[in-house]
Each structure stands twice: as structure tokens, then as C-alpha cells.
Amino acid sequence: MSERVVIIGGDAGGMSAVSQIRRGRPDVEVVALERGRWTSYSACGIPYVVGGVVKGGVERLVARTPERHRELGTDVRIGHEAIALDLDARAVDVRDPDDGTYRLDYDHLLIATGGTPIRPPLPGIDLPFVHGVQTLDDAVDLLEHAEGPCQDVVVVGSGYIGLEMAEAFVQRGCSVTVIEQAAQPMVTLDPDMGTLVAEALLEQGVKLRCGVGVKGFEPGAVLTSDGVVDADLVVLGIGVGPNSKLALEAGLAVGVKDAIRVDERQETSCPGVWAAGDCCESRHLVSDRPVHFALGTYANKQGRVAGINIGGGDAVFPGVLGTAITKICSREIARTGLNEGEAEAAGFDAVASRIESTTTAGYFPDAEPMTVKVVVERGSGRVLGAQIVGGDGAAKRIDTCAAAITAGMTAQQVLDLDLAYAPPFSGVWDPIAVAARQALKLL
């Protein structure tokens, strides 16, 4: 009898492992349990479907359907929810919507249960006009609501998803209010860079209310610490935590935010049990501390590593920098590594340089402003982090910074990089190099 691999979760972390498992062990049986009705989809694309940038409905976000996975040899079971793990017996208890519960034995288990949207226990949070942004079913609900009478939209939270949803409803012509408990939007940025994001939102007519807490919801209204805000629709963009309930109840080791603890091969504290995606920890490449980042790029990479190892190969996931990018109307935003506050908390003696530049040569008619900030370790000169806010063409420069940080480069080495130049793309000194040069002056 062939060995069986059971995968809990039918999206990025789980299904990215399948091809690697089959490549290494073509004889193995692979069973994927998915409690929803979709597999292999891009939740990151939801704001762009809701905003009308992507046409054709939520189906456009599906990379591979359950039917296609089955054609390729994976036993995908839609609507089947894993409800308990028996690590000693190497079995999963599964709830079948039609036939009750059953037990499924495994030789290898991959937990890819993703993240759980943060929904504080506030009065009225379950009212039908309050929506999350996590699954394609959420997207369907949002579209139905948005296409009805919808004028006043309130977005709670100003992280990436929250602000992308704010942009989506601005594009729909709605009046949008963003409520953020912190003093600035996008708290993963330093305050001076977050101020630039606030300015971009205000330029687009978004009403931004920072330092305001939400107290509850009533039909047509959001109750806050600063009064009542009218709302036809509420979008929760507060973030996600690891969906690690199964692992916790089974006794697997967990770490930061109760995310499942894994080694560099994505194996958990129980041999033969693996985890990938938003449900598990990662290691930060700069601070060398465990972290939890809910990003689709990591889910796909970790799933691939787990799949290779389950299939008999040998692969490692080296760690993360928290590299992220987004666009809010006319402004692009990106960050990687540690910001100033994070560097201090991690024990680094750091300096930060911030420069103003343009996305093309300054004399070009379409030159747009961009701000680059780099955080550098005093003494060694090593680059620890970077942030960018600017116009069209600014944000993807963060990849240069991510590569430099991963390689352990210093500000001098970044300055010496042979970066491409032509007036339609930058000034003769690329803004990244200018920021590195300014950091050297501070050092």
C-alpha cells in the first residue's frame, strides 16, 4: 500500500507542496482537505476585483480549481474540515458535510490552515454590513454589497489590505473613511513615512481618523471613541493571526502569536508533521528572531520547501525580511527588513537616512516625487532595512534593497552597485544609491 500525505488547507501553502511531493514520490497518495469551496486562489487580488480593476468576478483569481487538481491526481475534498489531530495515531478527524465525521490516517501531514482574520468581540460585529477580506466567499459578499446601494464605506484598520480596500471603494465613487487606532496609517512603516501615506489618502478624499478606537457597530453606523460614523458598508482590515487552533489542541509547539513552530525544513515539533503559510512562524534574516508575517509569497515558498522534503528531497526555507509592497491610488509604498523602531527593539545601534528624489530624471514631464529611507547599523555599515513611498515606478526598487540586505551588504557596497541608468527610469544617481550615500555621511 502506498504512503499517504494529508494536506489541511487547499490554498497557497498546501497546494504549492503538491507538485514537489509528486515529483519526489510519484507513487504517494495525496489527500487535500479544504473546508471552503475554492482552491489555489489569490486572496491578494480581492481588492482589485472589488474595485473593478480586475473584471470577470472572483473566478479570475482562481489559479487551479478543485476539478483540475483532481485531474492531476490529488484527492481534493471540498467542504471537508479537519477538526482534530491524533499525533500518536497519525490520524486526522474530518467533518464531512454530508456523512458526518471520519478518521483519515496519514504518513505525512502538512498543516496549511492559513490565517484567521482578527475580529474583536465588539457589539454588532456580526451584522451583515460588516465584512472581512480573507476568502473568495468574502469577496463575493463584498461585491454583492458594493453593487447595491453603497455610498458611505468605513474601513477599520490601515494595513495593506485595509488601504487597498479603501482604494477599491474610492474607485467606485464611494465616500470612504479609514479608522485606525494607531497614530498613523501603516504601522509597519516609521512614523515619518506613515505621514506620507496619510497625505496620499487625504489627497484622494479619504477621511482618515487616526488615534480612534472602534467601540461597536449598529445598522448604518460605526461607534467610535470619537463619535458615530455613518456607514452603508464596513470592511475589516485589522489583519490576521495564525490559524493554529488544530496544532495547539494537538500539542504541537507554537511560538510568536501562537504560530506553529517549524524548523528550516518546515517540520514541526512532531516528526512527519509539517506546516507552511500564515499558520506558522518564520525566522527574520536581520534580527534572527522568530516572526509571523501573513504574506502569500512566504506561503508559496514554504509550501514548496515542505513538499520537497515530504517527497524525499532536502530543502530549507532560509527566512524572511517582511518585504511588502502596495499601491494606494496614486502612491506606491514598500518596505523591507527592519524599520527604526524594530532595529532598536532588536538591539541594533542604527542610524537612518531619508532622502527626497524622483521616479525619473527630474526634468522629465512625468517625474514624480519619491522618498527613500534606509536603516543602517552603526559601526559595520550593514543595511538593516528600507522604506519607499512615491509615485509610479518607485516601490519596486525595494527589491534592490531586499537583495542587498539578504546579501549582508553595507551602505558603501550599495552605493557601489552598478545600477542601471537612463532618464526615463531615474536620475544619474539612483534614489537607492543616494539614500546609501546619505547614510554613509551619517555614519
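Using the working numbering, the first residue of the sequence shown is number 667, and each one after it goes up by one. All C-beta atoms, glycine included, are put in the ideal place defined by N, C-alpha and C.
Look up residue 738 in the DSSP assignment and say whether it is helix, strand or coil.
coil
Hey, out of 1043, 774, 822, 935, whose CA is closest to residue 1014's CA?
1043
If residue 859 sits next to residue 1037, beta carbons under 8 Å apart, how far is it from one beta carbon to the other, in whole angstroms?
7 Å
Sequence-distant residues of the same chain with beta carbon closer than 6 Å to residue 743, five excluded per side:
699
Presumed contact (8 Å Cβ cut-off) between residue 1103 and residue 1074, rounded CB distance
Incorrect: roughly 19 Å between the Cβ atoms, too far for contact.
Given residue 891, which residues of its chain have a CB within under 6 Å of its CB, disregarding the five upstream and five downstream residues?
878, 879
Only counting the same chain, and skipping five residues up and downstream in sequence, which positions put a Cβ closer than 6 Å to that of residue 942?
679, 778, 932, 968, 969, 972
Cα-Cα, which of 887, 755, 835, 696 is closest to residue 712?
835
Is the CB-CB distance between residue 883 and residue 791 below 9 Å?
yes
Per DSSP, what kind of secondary structure is residue 945 in: helix, strand or coil?
coil
Segment limits, beta strand (DSSP E) that includes residue 883:
880-884
According to DSSP, what are the bridge partners of residue 841?
818
Mapping the DSSP letters down to three states, classify residue 813 as helix, strand or coil.
coil
Put residue 1089 into one of helix, strand or coil per three-state DSSP.
coil
For residue 693, count neighbouring Cβ atoms within 10 angstroms of its own Cβ and tell me buried if that reaches 16, exposed if not.
exposed
Whole angstroms is fine: what's the gap from residue 853's alpha carbon to residue 1029's?
34 Å
If I measure Cβ to Cβ from residue 727 and keep anything under 6 Å in the same chain, skipping five residues before and after, which residues do I get?
707, 708, 711
Residue 826 - partner residues in DSSP beta bridges
Paired residue(s): none; residue 826 is not in a bridge.
Beta-carbon proximity list for residue 914, same chain, < 7 Å, skipping 5 on both sides
920, 924
Residue 691 in three-state terms, based on DSSP
coil
I'd like to check one pair, residue 869 with residue 996: are the Cβ atoms closer than 9 Å?
yes
Roughly how far, in whole angstroms, is the beta-carbon of residue 671 from the beta-carbon of residue 772, given that I think they are within contact range, below 8 Å?
7 Å
Is residue 794 near residue 898, with beta carbons less than 9 Å apart?
no
Taking the C-alpha atoms as reference points, what is the distance between residue 965 and residue 1022?
34 Å
Do the CB positions of residue 669 and residue 774 come within less than 9 Å of each other?
yes
If you count every other CB in all the chains shown that lies within 10 Å of the CB of residue 908, and 16 or more means buried, which is it?
buried
Throw me the rounded Cβ distance for the residue 1050 and residue 1003 pair, which I believe falls under 8 Å.
5 Å
Do residue 1059 and residue 1008 come within 9 Å of each other at the CB atom, strictly closer than that value?
no
Proximity below 9 Å, CB of residue 905 to CB of residue 988:
no
Please state whether DSSP places residue 861 in a helix, a strand or coil.
helix
Please state if the CB of residue 748 and the CB of residue 976 are separated by a distance shorter than 9 Å.
no
So, with DSSP's three-state summary, where would you put residue 1003?
strand
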